Structures are given as structure tokens and as C-alpha cells.
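Colleague: The structure follows.
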Amino acid sequence: MKITLSATQKQQIDLLITKLQHAFSSTESEDFLCECQLESANLPKSLRKHFYELRTQIHKSGFFLLEGFEVDNNKIGETPQHWDTSWENSRTLREEIFQCLISCSLGEPFGWNTQENGRVLRNIVPIEADKNEQLGGSSSVPLFWHIEEAFHPHRAEMMTIMCYRNNERAGTNICSITQMNIPEQYLIILKQPRFLIEPDKSHFPENNKSKHWELQSEEFLKIKNFLLNPAPVPIISGPEGHERLVIDQAFMSAVDGDKEATEALEWLYQHMDEVRTTVQMNPGDVVFLDNRRVAHGRAIYKPNYGPQARWLRRINIAADLTKSFEWKQAPYARKIL
Ligand SMILES: [Fe+2]
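Position in the sequence shown (first residue = 1) + 3 = the numbering used here.
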């Protein structure tokens with residue numbers, strides 16, 4: 004499903020962005036996100052209707068593409084060469100505020116301490132050293148099927164991915180549980196806690212080395228615990244017609260020796276490849292995903308490493324910011340420790 008912003012909607016959005024742009028020089032603060040949350044109520048009602056239907060799961064498939072926001076290729080400057088780029092003096096403040104406004108309409112943006120020190124708006128850019136990894140910077144291998152932070156009980160309910168550049172025409176793969184047609188013999192197995200999910204590598208110390216901050220090894224202890232003691236989980240849960248999906252192809256497996264579960268899992272991956280939707284995002288496009296029902300990934304592509312390389316931004320969104328209070332400094336804090 005595709006939604007195109009009308010001229011009137013764009014005018015209303017521009018007014019909100021300008022207002023916030025006068026008051027804030029960065030989107031990476033609780034003050035900004037709190038104000039943005041309040042202002043998101045002033046987004047056009049016709050647009051908020053789509054967001055409401057997505058988060059309440061009235062929307063059938065659980066994903067859509069929003070197009071029509073204009074990105075000026077010169078004004079946004081060069082694509083950063085690494086995710087470890089400065090948090091200050093952003094040339095993409097207008098685009099960042101736009102993504103935060105629409106994300107706040109779906110819930111509460113948040114970050115992870117063990118992933119870029121809690122940065123809410125992550126940069127996804129090609130990194131040559133990571134080209135064969137299961138990380139956002141990869142390109143020579145497909146980014147396998149996953150939902151964000153499948154291993155964690157307080158993962159995002161929603162997410163937005165916005166495109167600033169995609170001259171390489173890389174495809175974002177999307178597969179909703181509603182697109183799948185799973186035979187009963189596999190569905191029974193996939194609904195049982197016969198699968199283990201480890202944390203993905205973006206939460207590891209070696210992938211969090213920054214010139215701007217330093218995390219201590221103790222800060223990764225909780226991630227280490229997920230790695231050492233993954234609890235068996237089902238992949239599919241919920242009643243017929245309202246199923247939910249937890250999957251991370253690169254970091255999950257059936258429990259030791261469970262051949263039936265391995266077979267069901269392999270069948271599922273193949274099926275998802277067959278029924279998937281692929282979106283080649285254009286600058287200004289935003290993909291909205293219900294992280295409870297929709298898996299995503301990325302096809303192989305050949306990056307234009309340099310100032311015009313592919314550049315996406317991603318925001319994780321919680322339906323209820325306070326649900327993860329035991330993992331944070333305060334219930335309203337946006338960084339999960
Ligand atoms: Fe992802």
C-alpha cells in the first residue's frame with residue numbers, strides 16, 4: 004500500500020517542521036522528542052488516520068510506504084561514510100524532524116544503549132568493512148529476514164525507515180505474517196517454543212566503537228546474558244487471523260537436535276522469499292513497519308561508496324515508553340540500558 008502526501012498535507016507538515024526547527028538544533032534529546040510528541044497531534048488528521056490504523060492493527064498487512072516528502076539532494080550534504088557520524092549541526096534537521104513527527108504519531112521513539120549509545124535516528128549507510136556482515140552497513144550479502152531486536156522483550160512495536168538517497172536502487176524486502184500461507188503441519192511447530200534467538204551483532208562491543216563516546220564492557224553484560232542464555236521461544240503466536248511474528252534469520256535456530264523445528268524454519272524462510280514485497284525507496288520515501296507482524300531485510304546491492312552513497316535513517320518506536328522502566332534510568336527515558 005502506498006500513501007502520497009497531498010499539497011495541503013505537505014504545507015501543514017512544513018509549518019510544524021519550521022516551528023520545531025526554530026526551537027531545536029538537534030532531534031537527539033528528550034526535550035525535543037517530548038515537544039515533537041505534542042506537536043505530532045497537529046499533523047493532518049487524514050494522515051494520522053493511517054498511523055492509527057497501523058498501530059491498532061486495523062491495517063491488514065502492517066506496512067505501508069509514504070511518499071511525497073521532498074528531499075533536496077544538495078541541502079542534505081554528503082552521505083556520512085560511517086554510522087559513527089556527529090550528533091551535532093545536522094544538515095538533515097528538516098528531514099529528521101519530519102521522520103520524528105510521523106514516528107511520534109505511532110508511539111514513542113527510543114534507542115538502545117548498546118547500539119550507538121542510544122541514538123534514536125540511526126544512520127544506515129554502506130560500510131566496506133561490513134559488506135559481508137549481517138549489519139546495516141552490509142551490501143554483498145542479503146540482509147536476512149528479521150524484526151528489530153527479536154531477542155529482546157522490550158523491542159520496538161513499530162518502526163520507520165526513511166530514505167535520503169538510493170541511487171543504487173537497493174531493494175528493501177518486506178514480508179508480513181498476513182502474506183504467508185503456512186501449512187498446518189509447520190504452523191503447529193512454529194507456534195511452539197522450539198527456537199533460540201541470539202542478540203544481533205549491532206549490539207556487540209566491536210560494533211559500537213565510536214570517536215564520540217565510549218561504552219564500558221559492563222554495559223554489555225545484559226546483551227551477553229541474552230547470548231549465553233537464550234530462552235526458547237515460538238516464532239508465531241496469537242489467535243488465527245491475528246498472528247504475530249518473531250524472527251531473526253541470521254541469529255536464530257531450532258533448539259539442539261530438533262529436526263522438525265529446523266525443517267519448519269527452513270520452509271518458512273523459503274516461503275517468505277517467495278511471497279515477499281520488495282520496495283526500491285526513493286529520497287523522501289518512508290516505510291512504516293509493524294515490528295510485531297512484519298519482517299524486513301535487504302537484497303544484495305553494489306554501493307556507490309562516497310558522498311552520494313545510499314543513505315537511510317531508522318527509528319524504533321515503542322507503543323508504551325514506560326513498559327521498559329526496569330531497563331532504564333526513568334520510566335520516560337528513551338535509552339534502554
Ligand atoms: Fe532492520
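Here a beta-carbon is modelled for each residue, glycine too, at the ideal position from N, C-alpha and C. These numbers were taken from a predicted model, which means no experiment stands behind them.
Thinking just about the alpha-carbon of each residue, which of I320, I100, K63, G110 is nearest to the one in S28?
Modeller: Counted from its first residue, the sequence shown places residue 28 at position 25. Cα-wise, what sits closest to S28 is I100.
Colleague: Within its chain, find whatever has a CB closer than 6 Å to the CB of C103; leave out the 5 residues flanking it on each side and keep chain order.
Modeller: Locating residue 103 in the sequence shown gives position 100, where the first residue counts as 1. Around C103: T30, C39.
Colleague: Give the single residue among S327, D323, R313 whose Cα lies nearest to the Cα of G174.
Modeller: Counting from 1 along the sequence shown, the entry for residue 174 is found at position 171. If we check each option's Cα against that of G174, R313 comes out closest.
Colleague: Alpha carbon to alpha carbon, what distance is there between K22 and T59?
Modeller: Residue numbering aside, residue 59 sits at position 56 when the sequence shown is read from its first letter. Residue numbering aside, residue 22 sits at position 19 when the sequence shown is read from its first letter. Whole-angstrom Cα-Cα distance: 29 Å.
Colleague: Consult DSSP for N169 and reduce its assignment to one of helix, strand or coil.
Modeller: Looking up residue 169 in the sequence shown gives position 166. The answer is coil: DSSP assigns N169 none of H, G, I, E or B.
Colleague: By Cβ distance, which residues of its chain are closer than 6 Å to C178, with the 5 residues on each side in sequence left out?
Modeller: Here residue 178 refers to the residue found at position 175 when the sequence shown is read from its first residue. Only M275, R279, A298 meet the Cβ criterion.
Colleague: Tell me the rounded alpha-carbon separation between R316 and A234.
Modeller: Here residue 316 corresponds to residue number 313 of the sequence shown, with the count starting at 1. Here residue 234 corresponds to residue number 231 of the sequence shown, with the count starting at 1. When rounded, the distance between both Cα atoms is 31 Å.
Colleague: What is the rounded straight-line gap between the Cα of Q24 and the Cα of K78?
Modeller: Numbered from 1 along the sequence shown, position 21 holds the residue referred to as residue 24. Numbered from 1 along the sequence shown, position 75 holds the residue referred to as residue 78. Roughly 15 Å between the two C-alpha positions.
Colleague: For Y335, is the classification buried or exposed, using 16 other Cβ atoms within 10 angstroms of its Cβ as the cut-off for buried?
Modeller: To locate residue 335, count along the sequence shown from 1; it is residue 332. Per the 10 Å Cβ criterion, exposed.
Colleague: For a quick check, are the C-beta atoms of Q311 and T88 less than 9 Å apart?
Modeller: The residue labelled residue 311 in the question sits at position 308 within the sequence shown. The residue labelled residue 88 in the question sits at position 85 within the sequence shown. Not a contact, by the Cβ cut-off of 9 Å.
Colleague: What's the gap between the Cα of S108 and the Cα of L230?
Modeller: Here residue 108 refers to the residue found at position 105 when the sequence shown is read from its first residue. Here residue 230 refers to the residue found at position 227 when the sequence shown is read from its first residue. Their backbone Cα atoms lie some 33 Å apart in a straight line.
Colleague: Is the number of C-beta pairs between the segment 147-157 and the segment 252-272 that are closer than 8 Å three or more?
Modeller: With the cut-off at 8 Å, the segment 147-157 and the segment 252-272 touch.
Colleague: Which residues neighbour ligand 1 when neighbourhood means a C-beta less than 6 Å away from any of its non-hydrogen atoms? List them by chain order.
Modeller: Taking each Cβ in turn, the ones that pass are H149, E151, H299.
Colleague: Identify which residue in F207, E217, I239 has its Cα closest to the Cα of L224.
Modeller: For this step, residue 224 is matched to residue 221 along the sequence shown. Answer by Cα proximity: F207.
Colleague: Assuming G121 and W86 are in contact, meaning their beta carbons sit under 8 Å apart, how far apart are those beta carbons, in whole angstroms?
Modeller: Taking the first residue of the sequence shown as position 1, residue 121 is located at position 118. Taking the first residue of the sequence shown as position 1, residue 86 is located at position 83. Rounded, the Cβ-Cβ distance is 13 Å, inconsistent with contact.
Colleague: For L163, which of I130, D75, F291, K134 has the nearest alpha-carbon?
Modeller: Translated into the one-based positions of the sequence shown, residue 163 becomes position 160. Per the sequence presented here, residue 163 reads as Thr, with Leu not at that position. The shortest C-alpha separation from T163 is found at F291.
Colleague: I226 and T117 look like a contact to me (Cβ under 8 Å); what is the Cβ gap, rounded to whole Å?
Modeller: Indexing the sequence shown from 1 puts residue 226 at position 223. Indexing the sequence shown from 1 puts residue 117 at position 114. That belief holds up - the Cβ atoms of I226 and T117 are roughly 5 Å apart, short of 8 Å.
Colleague: Could you tell me whether the Cβ atoms of I339 and L124 are closer together than 9 Å?
Modeller: Position 336 of the sequence shown, counted from the first residue, corresponds to residue 339. Position 121 of the sequence shown, counted from the first residue, corresponds to residue 124. No, the Cβ-Cβ distance between I339 and L124 is not below 9 Å.
Colleague: Since V258 and F198 are thought to touch, with beta carbons under 8 Å apart, how far apart are those beta carbons, to the nearest angstrom?
Modeller: Taking the first residue of the sequence shown as position 1, residue 258 is located at position 255. Taking the first residue of the sequence shown as position 1, residue 198 is located at position 195. Indeed, because the Cβ distance is near 7 Å, the residues count as touching under 8 Å.
Colleague: Sort H149, E119, E269, W148 by Cα distance to E214 and report the nearest one.
Modeller: Indexing the sequence shown from 1 puts residue 214 at position 211. One detail in the question is off: residue 214 reads as Lys in this sequence, not Glu. Checking every option, the nearest Cα to that of K214 belongs to E119.
Colleague: Taking the straight line between their C-alpha atoms, what separation do you get for N294 and G114?
Modeller: Counting from one through the sequence shown, the residue named residue 294 turns up at place 291. Counting from one through the sequence shown, the residue named residue 114 turns up at place 111. Answer to the nearest angstrom: the Cα atoms are 15 Å apart.
Colleague: Exposed or buried, what is Q273 when buried is set at 16 or more other beta-carbons lying within 10 Å of its beta-carbon?
Modeller: Counted from its first residue, the sequence shown places residue 273 at position 270. Exposed, since its Cβ has fewer than 16 Cβ neighbours within 10 Å.
Colleague: For H2, count neighbouring Cβ atoms within 10 angstroms of its own Cβ and tell me buried if that reaches 16, exposed if not.
Modeller: Residue 2 lies beyond the stretch modelled for the chain, which goes from 4 to 340, so this question has no answer here.
Colleague: Is A173 near ligand 2, in the sense that its beta carbon is under 8 Å from a heavy atom of that ligand?
Modeller: Inclusion of ligand 2 in the displayed structure is not the case, the ligand content consisting of ligand 1 alone.
Colleague: At what residues does the alpha helix (DSSP H) containing W159 begin and finish?
Modeller: Along the sequence shown, read from residue 1 onward, the residue named residue 159 stands at position 156. According to the sequence as given, residue 159 is Ala; it is not Trp. Careful: A159 lies outside any alpha helix (DSSP H) and carries neither H nor E.
Colleague: Which one or two residues does DSSP pair with V297 in a beta bridge?
Modeller: Here residue 297 refers to the residue found at position 294 of the sequence shown. According to DSSP, V297 bridges with S179.
Colleague: With C-beta atoms as the reference, is P237 less than 9 Å away from V74?
Modeller: Taking the sequence shown and counting its residues from 1, one reaches residue 237 at position 234. Taking the sequence shown and counting its residues from 1, one reaches residue 74 at position 71. Contact: no.
Colleague: I need the boundaries of the alpha helix (DSSP H) containing A25, first residue and last residue.
Modeller: Here residue 25 refers to the residue found at position 22 when the sequence shown is read from its first residue. Residue 25 is actually His in this sequence, not Ala. Element bounds for H25: 10-26.
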